[in-house]
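If you use my numbering, the first sequence corresponds to residues 419 to 994, in order.
Every residue, glycine too, gets a C-beta built ideally from N, C-alpha and C.
The block underneath contains the structure these notes are about, expressed in structure tokens.
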Amino acid sequence: MVNRELAKIFSEMAIFLRMKEVPFKPQAYERAVLGLETLNKEASEIYQQKGIEGLKEIPGIGENLADKIKEYLETGKIRSYQKLKQEMPINLEELTAVEGIGPKAIKLLWSKLKIKNLKDLEKAARAKKLRLLPGFGEKSEKNILTGIGFLKKSQGRFLLSEILPETQKIVSNLEKLKEVEEISLAGSLRRGKDTIGDADILVISQDPGKVIKSFISSPGILKVWGQGLKKASIRTKQGFDIDLRIVPRKSYGSALQYFTGSKEHNIFLRKMAMGKGLKLNEYGVFHGKKMIAGTTESGIYQAINLPFIEPELRENRGEIEAARAKRLPRLITLKNIFGDLHCHSSWNGGQNTISEMAQTARARGYRYLGIADHTKFLRIENGLDEKQLLNQRREIDKLNEKFIKQGIDLKILQGCEANILENGSIDINNQALEGLDFVIAGIHSQMKMTKAKMTARIIRAMENPNVDIISHPTGRILKKRDEFQIDFERVLKVAKETGTILEISSSPSRLDLKDLNIKLAKEAGVKMVINTDSHSASQLELMDYGVIQARRGWAEKKDIINCWSLEKLLTFLKTN
DNA sequence: GCCGTTTTCGGCCCGACTGTTTTCAGTCG
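Okay, here's the thing in structure tokens:
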């Protein structure tokens with residue numbers, strides 16, 4: 419948590435420094451942000467154990483930034499940051515969230531129009547004042563308004579990854595209380611939605627007062643909205659709210675069912691209950707005045723003649739019909755995952771060597787690990803060319819030989835994340851692609867194309883016999899950028915014909931394919947792979963988010979190729 | 001402000017795209 423706070427401060431400082439046109443320092447601050455974000459240990463812990471010297475071992479942190487971290491840990495503030503903020507009291511988080519707005523634009527908006535937040539920006543854009551600024555015109559003004567509109571749509575919502583870990587921390591603290599008999603997440607958080615409004619926690623306790631008292635004094639709370647006898651509500655430092663409800667044991671199941679939702683799922687369920695002459699509410703299932711279920715969630719479903727329905731499915735997307743017909747999917751779990759096929763190494767964008775990535779993969783119990791570094795078109799990521807891919811192959815072969823000798827059951831596969839160019843061709847020649855174990859191709863440029871052109875572009879890439887996987891197929895960035903214009907049905911048809919695998923990216927701001935598209939792909943018989951797109955070893959643990967998303971898309975083991983054994987996976991890659 | 005099998009000082013991933021500017025600046029990845 420401290421790491422995230424520090425990362426946020428340093429990235430804001432980088433922007434301020436860019437606005438002031440200070441050379442080179444901004445990059446240094448940004449590198450430090452990366453170092454902090456990919457650290458698998460809290461800076462506070464490092465400082466406690468090894469002091470300043472320990473902090474300086476963090477990549478991107480030197481003498482000066484280590485001092486600033488120390489200052490933050492000891493005083494909760496960084497003076498140089500406070501000074502910058504005083505000088506330019508601008509809401510950087512809001513303004514940089516608008517696609518197309520960067521430090522230079524913010525500086526101009528601030529100095530000419532005193533724009534300091536999203537509200538000011540929207541007002542000025544609507545008053546057609548932006549177009550008068552140097553470098554701005556009608557189009558940029560319109561784009562800014564579009565960007566603001568997109569932001570507003572997702573306003574007040576947080577990424578699953580922003581909410582889940584913090585809420586789980588609070589849950590595990592409460593769990594330790596002897597007064598807590600049962601505890602569970604509820605709401606959209608339990609259903610694993612990609613973005614969340616607020617978090618819900620449900621508890622059984624004979625002593626609600628104690629539990630509520632402990633809840634409202636959890637660490638990292640900004641304020642307490644309210645507390646009663648059965649309910650309390652808080653806001654966390656990260657800006658999202660958590661509701662806690664205490665329910666009696668006899669209604670725990672029905673309350674959990676009710677507060678997990680979705681609303682649409684529950685409405686359908688209540689109608690079904692009514693059809694059977696029953697009443698379903700948050701207190702139980704009732705036959706007349708007699709309560710026939712309520713203690714457990716599965717008991718609720720059983721009472722209306724249904725098998726238990728996993729929370730991720732409860733969106734009224736056909737799950738109740740499937741349950742009735744006894745055709746519910748057997749959803750995959752994290753334990754079913756045998757490997758990760760989209761990881762970057764220090765050969766280009768990644769923080770860790772292939773060997774370090776492999777060690778972490780082993781610790782996760784994986785059987786295989788796919789290294790898929792960027793290729794040459796992406797110069798900024800130090801993309802590999804044909805020759806470098808060959809050199810990387812040698813390193814991977816050596817590591818694999820070593821593993822065999824040591825009896826280690828992990829195989830490193832060599833792939834790449836090649837680029838789908840404007841016309842659908844790939845930026846690496848076929849001969850080099852043939853030498854790899856698998857090929858991922860993705861779109862990293864020219865994302866604003868017409869639907870027809872974009873669809874044709876992706877289809878051409880899929881028709882390349884060397885391309886196995888399409889990474890983050892629809893290009894969405896949650897809360898920031900919409901999906902590409904593509905004819906997804908046609909893409910699925912060609913994917914099926916060519917045996918192309920579509921990726922489910924676990925990267926928390928992508929989660930692409932999204933749940934609905936996963937379900938469509940499954941129905942079309944298209945295979946998928948859940949990948950983390952890790953740029954460091956610690957990011958391998960993001961796999962969880964991809965699995966949750968896949969569950970929301972009804973995915974079973976047969977649909978997800980990295981739930982398969984190495985042999986089956988390699989055969990599929992070879993023959994498709 | 002960081003970093004170092006080309007350096008403890010002098011470097012610091014760079015190309016494409018967009019919109020505006022008719023020769024470039026800002027943003028993105």
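Contact between the stretch 926-933 and the stretch 893-908 is present: 3 or more CB-CB pairs across the two stretches fall below 8 Å.
In the structure shown, the three-state DSSP call for Leu698 is strand. The closest CA to that of Lys655, considering only Asp977, Glu580, Met946, is found on Glu580. The Cβ atoms of Asn421 and Glu455 sit closer than 8 Å to each other.
About 7 Å separates the beta carbon of Leu539 from that of Ile566, a gap short enough to meet the 8 Å contact definition. One Cα belongs to Asn754, the other to Ile738, and the distance between them is close to 25 Å. Here Lys945 is not near Asp905, since their CB atoms are 8 Å or more apart. With at least 16 other beta carbons inside 10 angstroms of its own, Lys611 counts as buried. Phe554 sits in coil when the DSSP states are folded into three classes, being neither helix nor strand. Closest by C-alpha distance to Lys534, out of Leu607, Asn800, Met506, Asn848, is Met506.
Taking 8 Å as the upper bound for CB-CB distance, Gln832 and Lys869 are not in contact here, some 34 Å apart. Inclusion of Lys641 and Gly712 in the CB contact set at 8 Å is not warranted, their separation being larger than that value.
Proximity to Ile660 across His760, Gly615, Lys594 peaks at Gly615, based on C-alpha coordinates. The beta carbons of Phe756 and Ser925 sit no closer together than 8 Å.
Boundaries of the alpha helix (DSSP H) harbouring Leu539: 536-544, taken from the DSSP string. Under the three-state reduction of DSSP output, Arg663 falls in the strand class. Around the beta carbon of Asp791, a 10 Å sphere encloses 16 or more other beta carbons of the protein chains shown; the residue is thus reported as buried. Between Gly971 and Lys992, the gap from beta carbon to beta carbon reaches 8 Å or more.
The count of Cβ pairs closer than 8 Å, one atom from the stretch 729-738 and one from the stretch 666-686, reaches three, so the stretches are in contact. In this structure, the straight-line span from the alpha carbon of Leu787 to that of Gln806 is close to 19 Å. In the DSSP assignment, Met946 forms a beta bridge with Leu920, Ile978. The DSSP-derived three-state label of Leu603 is strand. Inter-residue distance for Ser923 and Val665 is about 37 Å (C-alpha atoms, whole angstroms).
When secondary structure is reduced to three states using DSSP, Gly693 falls in the helix class. For the pair Val440 and Lys474, the Cα-to-Cα distance works out to about 23 Å. Tyr676 carries a helical assignment under DSSP once its states are collapsed to helix, strand and coil. The three-state reading of DSSP puts Arg899 in strand, counting E and B together. Contact annotation: the stretch 816-830 does not touch the stretch 871-881, with fewer than three C-beta pairs closer than 8 Å. Here Ile710 is actually not in contact with Tyr670; their C-beta atoms are around 15 Å apart, not less than 8 Å. Straight-line measurement puts the Cα of Ala741 at about 7 Å from the Cα of Ile727. Looking at the DSSP output, Ala617 bridges to Ile660.
Between Gly453 and Ile479, the C-beta spacing is below 8 Å. Using a 10 angstroms sphere on the CB of Lys794, the tally of other CB atoms reaches 16 or more, which defines it as buried.
Residue nearest to Leu531 within the set Leu550, Leu752, Gly518 is Leu550 (criterion: CA-CA distance). One Cα belongs to Tyr447, the other to Leu483, and the distance between them is close to 8 Å.
With the rule of 3 Cβ pairs closer than 8 Å, the stretch 768-776 counts as touching the stretch 944-962.
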